[in-house]
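Asker: Take 66 as the starting number for the sequence shown in my numbering and just add one per residue. Ideal Cβ placement from N, Cα and C applies to all residues, glycine included.
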Amino acid sequence: MRKALFWIVGVPLALMCAIFAANNLDRITVSFFPFQAEASMPVYVLFLGSMGIGLLCGALLMWLSVLTLRMRVYTRDMEIRTLKRTLDRSSVEQQMLLEKAADQTRALPSS
């Protein structure tokens with residue numbers, strides 16, 4: 066499935082980026098507003114750099130949201146394990162009480 070997705074989405078996207086970069090070699094000057102800094106770069110560097118930064122920011126946000134979900138799953142798993150241990154202990158105690166009650170009823174004189 067991943068290979069198919071790579072060939073359907075990844076390869077055409079890489080081709081479009083390569084064509085875009087080859088057609089946009091003109092240099093532009095970018096100024097960073099509150100600062101006095103300026104940078105001269107080709108258009109494709111600005112565009113692809115912006116896309117890369119956006120991709121990294123999106124991946125970071127997705128990772129953070131998944132991290133909170135993983136923490137929830139971990140706490141639920143710990144709770145389930147604790148409840149299973151309690152249930153197992155209760156089942157053993159119940160079995161012991163049933164055996165004790167059966168022994169006591171056998172010890173009663175029959176009429």
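Three Cβ pairs or more, each shorter than 8 Å: is that satisfied between the segment 100-113 and the segment 80-90?
Answerer: yes
Asker: Grouping DSSP H, G and I as helix and E and B as strand, with all else coil, what is S105?
Answerer: Taking the sequence shown and counting its residues from 1, the one referred to as residue 105 is at position 40. In the structure shown, S105 sits in a strand (DSSP, three-state: E or B).
Asker: Is the beta carbon of R92 sitting closer than 8 Å to the one on M106?
Answerer: In the sequence shown, the residue the question calls residue 92 occupies position 27. In the sequence shown, the residue the question calls residue 106 occupies position 41. Yes; because the gap between Cβ atoms is below 8 Å, this pair is in contact.
Asker: At which residues does the beta strand (DSSP E) containing I93 begin and terminate?
Answerer: Position 28 of the sequence shown holds residue 93. First-last of the beta strand (DSSP E) with I93: R92 to S96.
Asker: Whole angstroms are fine: how far does the CA of L134 sit from the CA of T147?
Answerer: In the sequence shown, the residue the question calls residue 147 occupies position 82. In the sequence shown, the residue the question calls residue 134 occupies position 69. Taking the straight line joining both Cα atoms gives about 20 Å.
Asker: Quick one: Cα of L152 to Cα of L125, how far?
Answerer: As a working mapping, residue 152 is identified with position 87 in the sequence shown. As a working mapping, residue 125 is identified with position 60 in the sequence shown. Answer to the nearest angstrom: the Cα atoms are 40 Å apart.
Asker: Can you tell me the Cα-Cα spacing of I118 and M127, whole angstroms?
Answerer: In the sequence shown, counting from the first residue as 1, residue 118 sits at position 53. In the sequence shown, counting from the first residue as 1, residue 127 sits at position 62. Rounded to the nearest whole angstrom, the C-alpha separation of I118 and M127 is 14 Å.
Asker: Helix, strand or coil for N89 per DSSP?
Answerer: On the sequence shown, position 24 is the one that residue 89 refers to. N89 falls in the coil class under three-state DSSP.
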